[in-house]
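Visitor:
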Amino acid sequence: MPSPVDEPDRGPAWARRVEEVAVALVTLAVAWPFLRPDRWVTGFDTVAYSGPNLEVTFDAWRHGRLAGWNDLIFGGIPHLANPQTAVLYPVKVLGLPFDVPRALAMLVAVHLAILAVGMVVLARRALRLAPPAAFVTATVVVASGQVMVRSLFFEQISVLAWIPWLLVAIDAAVGGQGRRPGRPVAVAAVAVVTATMLVAGHPQTAYLGAGLGTAWALGRLADLDGGWASRGRAVVGLGVGGVIAGCLAAVQLLPTVDLAGRSASAQGRDLGWVASWAVGARSLPLAVLGDLTAADHPTSVGSHEAVSYVGAVAVALAVVGLCHLEAERRWRVTGALLGLAVLVAMALAVGPRFLPYRVASRLVPVFDQARVPSRWLAVVVFVAAIAAGVAVDRLRRGVHLDGTGRVMAGAVLGGGALVVAAMGVVQGYPAGDGAWVVGLVVGVALLVPVVPARWAGVAALVLAVLVAGELGWLGRHSEPRELAVDHPYTSARSGPIAELVAGQPGRALALTPDVFDDFAVLRRGLRPNTNVTAGVRSIDGYDGGVQVTRLWADAMSGLSDGRFDAELLAREQLTRPLDPAALAGVGVRWLVVDGVRWPVSEVTPGWRGPLLVDGNLSLWENPAWVAEATVRGAGTATDRRAATSARPSPGRVEVTASGPGTLVVDQQFDPGWQVRIDGSPAPAVVVDGLLVGTELPAGEHTVTFRYRPPHLGLGLVLTGLGVLATVGLLLAGPVGDRRAGLSRRGSPTGSRARSDPSPAGT
3 MPSPVDEPDR GPAWARRVEE VAVALVTLAV AWPFLRPDRW VTGFDTVAYS
53 GPNLEVTFDA WRHGRLAGWN DLIFGGIPHL ANPQTAVLYP VKVLGLPFDV
103 PRALAMLVAV HLAILAVGMV VLARRALRLA PPAAFVTATV VVASGQVMVR
153 SLFFEQISVL AWIPWLLVAI DAAVGGQGRR PGRPVAVAAV AVVTATMLVA
203 GHPQTAYLGA GLGTAWALGR LADLDGGWAS RGRAVVGLGV GGVIAGCLAA
253 VQLLPTVDLA GRSASAQGRD LGWVASWAVG ARSLPLAVLG DLTAADHPTS
303 VGSHEAVSYV GAVAVALAVV GLCHLEAERR WRVTGALLGL AVLVAMALAV
353 GPRFLPYRVA SRLVPVFDQA RVPSRWLAVV VFVAAIAAGV AVDRLRRGVH
403 LDGTGRVMAG AVLGGGALVV AAMGVVQGYP AGDGAWVVGL VVGVALLVPV
453 VPARWAGVAA LVLAVLVAGE LGWLGRHSEP RELAVDHPYT SARSGPIAEL
503 VAGQPGRALA LTPDVFDDFA VLRRGLRPNT NVTAGVRSID GYDGGVQVTR
553 LWADAMSGLS DGRFDAELLA REQLTRPLDP AALAGVGVRW LVVDGVRWPV
603 SEVTPGWRGP LLVDGNLSLW ENPAWVAEAT VRGAGTATDR RAATSARPSP
653 GRVEVTASGP GTLVVDQQFD PGWQVRIDGS PAPAVVVDGL LVGTELPAGE
703 HTVTFRYRPP HLGLGLVLTG LGVLATVGLL LAGPVGDRRA GLSRRGSPTG
753 SRARSDPSPA GT
């Protein structure tokens with residue numbers, strides 16, 4: 003008897019259309035805060051990170067440049083090499099006609115649609131789920147707490163959206179549902195989707211997507227019919243797809259790998275710091291189930307990073323769905339590996355307090371770059387969605403678990419109910435009468451395996467409504483809705499200090515506090531990286547990844563008491579009073595001080611000012627600062643950046659200088675700097691432990707510093723080869739399919755094979 007999952011989708015056409023409309027409505031409801039023309043969704047990272055990065059990228063694109071260098075933070079820093087800037091991500095082009103706040107909101111909505119459609123395609127094409135199961139699969143993901151939170155982190159939602167498409171492509175390449183393993187078009191799809199995830203943004207999100215994709219691929223390979231020859235073709239196809247994906251993304255990956263090797267975190271992160279972003283073991287069930295009575299989800303589970311609710315109904319259905327997969331021959335290993343992936347992800351989410359995380363941080367390359375353990379719960383969300391859809395599909399088709407499956411589902415769900423009850427007694431979990439609601443829903447879900455066949459269709463619809471209703475209730479206090487404001491962050495004035503400093507020579511250092519929910523205060527205080535929006539160049543910066551280089555951290559350590567923490571801002575750690583000469587050595591001319599947080603008399607001795615006072619903020623000038631370009635020795639320098647172009651490139655510096663001596667410009671040193679003296683190449687050197695310079699011979703010279711990301715040329719070559727290989731696979735696919743069709747028609751058993759309605763191999 004064929005497994006139900008292998009049967010064609012028996013849902014009528016009208017039911018599929020209704021299901022698609024329902025998914026669209028759920029997606030629209032989630033995306034509405036991003037789409038309203040009079041509202042912008044603005045969170046702390048939008049103001050302080052995503053928005054400024056996108057401004058640098060769009061500014062370069064609009065002036066016909068590749069955004070390789072960001073002149074405005076960390077004393078100048080590679081921009082393309084930071085994967086979170088996603089400079090080469092093609093979907094970003096859709097936002098180019100808009101200002102940055104509207105572009106961010108619009109692009110988030112686009113990625114929610116990509117995610118929703120991907121989940122429907124995964125449910126229909128790979129899992130062969132009948133309506134309304136695909137609706138459940140898409141809704142659990144799109145309306146989950148994980149996606150609600152990631153929507154405020156553009157770099158993360160842009161990667162998360164492609165995970166279902168990766169699973170679809172892997173299933174096609176492996177030969178799922180009777181397809182031919184290793185088909186060229188499917189291999190090309192694996193390559194394109196994987197490369198898209200690699201260049202789309204956040205590396206940790208790509209990392210966890212790769213982990214889920216690996217579990218899915220191994221399961222589909224193990225469950226594949228056709229013997230070792232078919233599995234061999236599938237493995238080769240996946241391998242070729244992976245290699246081509248690496249080539250396609252090489253123009254981004256090679257500079258990133260180079261910069262990662264020089265980042266302050268390259269030698270590993272402090273696990274104590276990492277643990278602060280983990281999910282507490284006691285909060286883990288609440289993070290996944292959600293609290294129906296919570297007015298503030300992050301407070302309920304410890305942080306916004308841990309919010310990953312899918313609802314009690316979906317969790318109960320997921321347990322039943324995994325038991326169904328375990329009972330079906332063609333999905334048995336896949337179901338087991340998905341269940342294992344959930345356990346591993348939950349263990350990793352608990353962080354270094356749990357042994358698996360510490361082991362992985364030591365054995366898995368660059369694992370510690372996945373610096374927020376709680377984000378691993380995204381794997382739980384995707385698996386719960388897949389398994390919940392399977393449970394509703396089996397119920398819709400009147401397929402029940404056997405005795406063993408019922409015992410397994412009952413044991414897990416019953417044990418979960420006991421945990422909920424015990425935690426309710428011990429620590430009031432969930433809050434108030436939420437425990438009663440969760441217990442009731444879990445109890446109802448326990449009946450799923452024994453619903454009579456005549457009520458199966460109605461029960462499936464009821465469960466779909468319950469899933470959507472519970473997630474909708476939980477989403478009443480979702481972060482996107484709470485952070486929808488009636489103005490974009492760029493409309494808040496930066497203040498007179500920023501307006502005075504913007505465009506002036508020299509860099510700024512702002513001793514101002516973070517006010518996480520007041521974006522105007524952040525901009526007035528030039529809280530990194532809001533200085534980018536104001537056009538102010540800073541020696542400080544905000545980044546959790548590769549842009550914090552060892553060179554910068556070492557230079558800042560020399561300005562502190564020697565115990566500099568690269569995970570924190572420089573402004574919090576510099577020795578006071580601030581030494582004007584030392585800061586002039588790293589290009590600082592301007593100092594902005596919040597007199598409430600940092601008493602002026604403690605930090606400004608020897609500084610000139612105040613030049614301007616704006617409320618509690620004051621502006622001071624460094625008397626030791628000389629110029630943006632200087633010659634250490636007998637010569638002088640005239641910086642020609644402003645004279646050579648109305649809008650000079652941040653990655654190009656022209657200086658007229660006399661020597662001999664060492665010419666120094668106020669840019670952080672990087673191996674990508676190329677120096678030419680009167681047109682001839684010259685070596686770039688590190689000056690004062692941070693800045694880039696070059697040795698000048700005697701006489702007058704025109705010196706050009708041009709930034710080119712390391713390995714960019716090789717990356718372009720490999721990406722070009724990847725494009726050619728992908729096009730070749732797409733062209734070869736139809737030819738191979740036609741030959742296979744002719745071969746089948748010419749075989750003696752061809753007519754019988756075509757008339758056999760049962761799935762292949764059953």
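Those letters in the sequence shown? Residues 3 to 764, by the working numbering. All C-beta atoms, glycine included, are put in the ideal place defined by N, C-alpha and C.
Can you tell me whether DSSP reads Trp-34 as helix, strand or coil?
Guide: Within the sequence shown, the letter at position 32 stands for residue 34. Trp-34: helix per DSSP, three-state reduction.
Visitor: Alpha carbon to alpha carbon, how far is Arg-104 from Leu-154?
Guide: Residue numbering aside, residue 104 sits at position 102 when the sequence shown is read from its first letter. Residue numbering aside, residue 154 sits at position 152 when the sequence shown is read from its first letter. Looking at the two C-alpha atoms, the distance is approximately 13 Å.
Visitor: At the level of alpha carbons, what is the spacing between Asp-680 and Ser-310?
Guide: Stepping through the sequence shown from its first residue, residue 680 is reached at position 678. Stepping through the sequence shown from its first residue, residue 310 is reached at position 308. The alpha-carbon atoms of Asp-680 and Ser-310 are separated by roughly 58 Å.
Visitor: If Val-550 and Ser-267 are in contact, beta carbons under 8 Å, what's the gap, nearest whole angstrom?
Guide: Counting from one through the sequence shown, the residue named residue 550 turns up at place 548. Counting from one through the sequence shown, the residue named residue 267 turns up at place 265. Contact flag correct, Cβ pair sits at about 7 Å.
Visitor: Could you check the C-alpha separation between Thr-139 and Ala-389 for me, to the nearest Å?
Guide: Residue mapping note: residue 139 aligns to position 137 of the sequence shown, counting from 1. Residue mapping note: residue 389 aligns to position 387 of the sequence shown, counting from 1. For Thr-139 and Ala-389, the distance between alpha carbons rounds to 8 Å.
Visitor: Does DSSP classify Tyr-709 as helix, strand or coil?
Guide: Within the sequence shown, numbered from 1, the residue matching residue 709 stands at position 707. Three-state result, Tyr-709: strand.
Visitor: Assign Arg-746 to one of three DSSP states: helix, strand, or coil.
Guide: Along the sequence shown, read from residue 1 onward, the residue named residue 746 stands at position 744. The pLDDT assigned to Arg-746 is 49, lower than 50, so where the model puts this residue is not dependable, and the model offers no usable value.
Visitor: List, from N- to C-terminal side, the beta strand (DSSP E) runs of 3 residues or more that fit wholly inside the stretch 479 to 514.
Guide: Counting only runs of 3 or more, we get 509 to 513.
Visitor: Please name the residue or residues paired with Asn-72 in a DSSP beta bridge.
Guide: As a first step, residue 72 is located in the sequence shown; it is residue number 70 there, counting from the start. The partner list for Asn-72 (beta bridge, DSSP) reads Ile-79.
Visitor: Check each candidate in His-306, Arg-456, Gly-527 and Lys-94 and name the one with the smallest Cα separation from Arg-766.
Guide: Only positions 3 to 764 of the chain appear in this structure, which leaves residue 766 out of reach.
Visitor: On the CB-based measure, 16 or more other CB atoms within 10 Å of its CB, does Val-23 come out buried or exposed?
Guide: Here residue 23 refers to the residue found at position 21 when the sequence shown is read from its first residue. Result: exposed.
Visitor: Leaving out the 5 sequence neighbours to the left and right, which residues in its chain are closer than 7 Å to Ala-411 when beta-carbon positions are compared?
Guide: The residue you call residue 411 lines up with position 409 of the sequence shown. Answer for Ala-411: Val-321, Val-322, Cys-325, Leu-403 and Pro-451, listed in chain order.
Visitor: Determine which residues share a DSSP beta bridge with Leu-619 and list them.
Guide: Taking the first residue of the sequence shown as 1, we reach residue 619 at position 617. According to DSSP, Leu-619 bridges with Asp-596 and Asp-616.
Visitor: I need the boundaries of the alpha helix (DSSP H) containing Glu-57, first residue and last residue.
Guide: Within the sequence shown, residue 57 is the residue found at index 55, counting from 1. Start and end: 53 to 64.
Visitor: Checking the sheet assignment: what are the DSSP bridge partners for Val-414?
Guide: Counted from its first residue, the sequence shown places residue 414 at position 412. DSSP, once it has assigned bridges, lists no residue as partnering Val-414.
Visitor: Nearest to Ile-246 by alpha carbon, out of Thr-196, Ala-236 and Gly-695?
Guide: Start at 1 with the first residue of the sequence shown, and residue 246 comes out as number 244. The candidate whose alpha carbon is nearest that of Ile-246 is Thr-196.
Visitor: Taking all protein chains shown into account, do 16 or more other C-beta atoms lie within 10 angstroms of the C-beta of Gln-269, making it buried, or fewer, making it exposed?
Guide: If you number the sequence shown from 1, residue 269 lands on position 267. Answer is exposed; the Cβ neighbour count stays below 16.
Visitor: How would you call Gln-429, buried or exposed, if buried means at least 16 neighbouring beta carbons within 10 angstroms?
Guide: For the purposes of this step, residue 429 is taken as the residue at position 427 of the sequence shown. Note that Gln-429 scores 49 on pLDDT, short of 50, meaning its location in the model is unreliable; the coordinates nonetheless yield the value given after this. It is exposed - the Cβ of Gln-429 has fewer than 16 other Cβ atoms within 10 Å.
Visitor: Consult DSSP for Glu-328 and reduce its assignment to one of helix, strand or coil.
Guide: To locate residue 328, count along the sequence shown from 1; it is residue 326. The answer is helix: DSSP assigns Glu-328 an H, G or I state.
Visitor: Can you tell me whether Ala-380 is buried or exposed, with buried defined as 16 or more other CB within 10 angstroms of its CB?
Guide: Here residue 380 is taken as the residue at index 378 of the sequence shown, counted from 1. Buried: at least 16 other Cβ atoms inside 10 Å.
Visitor: Would you mind reading off the limits of the alpha helix (DSSP H) that contains Ser-475?
Guide: Here residue 475 is taken as the residue at index 473 of the sequence shown, counted from 1. Looking at the sequence provided, one finds Trp at residue 475 rather than Ser. Unbroken alpha helix (DSSP H) run through Trp-475: 458 to 476.
Visitor: Can you tell which of Thr-295, Gly-564, Gln-575 and Gly-560 has the C-alpha that lies nearest to the C-alpha of Ala-583?
Guide: For this step, residue 583 is matched to residue 581 along the sequence shown. For the residues Thr-295, Gly-564, Gln-575 and Gly-560, the minimum Cα distance to Ala-583 belongs to Gly-560.
Visitor: Using only the alpha-carbon positions, how far apart do Gly-282 and Ala-308 sit?
Guide: Within the sequence shown, numbered from 1, the residue matching residue 282 stands at position 280. Within the sequence shown, numbered from 1, the residue matching residue 308 stands at position 306. Rounded to the nearest angstrom, the two C-alpha atoms are 9 Å apart.
Visitor: Would you say the stretch 691 to 704 touches the stretch 233 to 243, given that touching needs at least three Cβ pairs under 8 Å?
Guide: Contact between the stretch 691 to 704 and the stretch 233 to 243 is absent, because fewer than three Cβ pairs lie under 8 Å.
Visitor: CA-CA distance, Arg-478 and Arg-529?
Guide: On the sequence shown, residue 478 is found 476 positions in, with the first residue counted as 1. On the sequence shown, residue 529 is found 527 positions in, with the first residue counted as 1. Rounded to whole angstroms, Arg-478 to Arg-529 spans 31 Å at the Cα level.
Visitor: State the Cα-Cα distance for the pair Gly-244 and Val-366, rounded to the nearest angstrom.
Guide: Taking the sequence shown and counting its residues from 1, one reaches residue 244 at position 242. Taking the sequence shown and counting its residues from 1, one reaches residue 366 at position 364. Distance between the alpha carbons of Gly-244 and Val-366: 19 Å.
Visitor: Provide the residue span of the beta strand (DSSP E) that contains Asp-668, from first to last.
Guide: In the sequence shown, counting from the first residue as 1, residue 668 sits at position 666. 654 to 670 is the extent of the beta strand (DSSP E) around Asp-668.
Visitor: According to the Cβ coordinates, are Leu-124 and Gly-221 closer than 7 Å?
Guide: Taking the first residue of the sequence shown as position 1, residue 124 is located at position 122. Taking the first residue of the sequence shown as position 1, residue 221 is located at position 219. Their beta carbons are not under 7 Å apart, which means Leu-124 does not touch Gly-221 by this criterion.
Visitor: How would you call Ser-682, buried or exposed, if buried means at least 16 neighbouring beta carbons within 10 angstroms?
Guide: For this step, residue 682 is matched to residue 680 along the sequence shown. It counts as exposed.
Visitor: Report the residue from Pro-515, Ser-278 and Leu-250 whose alpha carbon sits nearest the alpha carbon of Val-374.
Guide: Taking the first residue of the sequence shown as position 1, residue 374 is located at position 372. When only C-alpha atoms are compared, the closest one is Ser-278.
Visitor: Could you please give me the residues that DSSP links to Asp-641 through a beta bridge?
Guide: Against the sequence shown, residue 641 aligns to sequence position 639. DSSP, once it has assigned bridges, lists Val-657 as partnering Asp-641.
Visitor: By the DSSP assignment, the beta strand (DSSP E) with Ser-682 in it spans what residues?
Guide: Within the sequence shown, the letter at position 680 stands for residue 682. 682 to 684 is the extent of the beta strand (DSSP E) around Ser-682.
Visitor: With DSSP as the reference, label Val-43 as helix, strand or coil.
Guide: Mapped onto the sequence shown, residue 43 falls at position 41. Strand at Val-43.
Visitor: Quick one: which unbroken alpha helix (DSSP H) runs of 4-plus residues sit fully inside the stretch 293 to 381? Chain order, please.
Guide: If we require 4 residues or more, the alpha helix (DSSP H) runs fully inside the stretch 293 to 381 come out as 299 to 303, 314 to 329, 334 to 352 and 357 to 365.
Visitor: To the nearest angstrom, how far is it from the Cα of Val-689 to the Cα of Ala-586?
Guide: The residue labelled residue 689 in the question sits at position 687 within the sequence shown. The residue labelled residue 586 in the question sits at position 584 within the sequence shown. Computed Cα separation, rounded: 13 Å.
Visitor: From the DSSP output, in three-state form, read off Ala-700 for me.
Guide: Within the sequence shown, numbered from 1, the residue matching residue 700 stands at position 698. Three-state DSSP puts Ala-700 in a strand.
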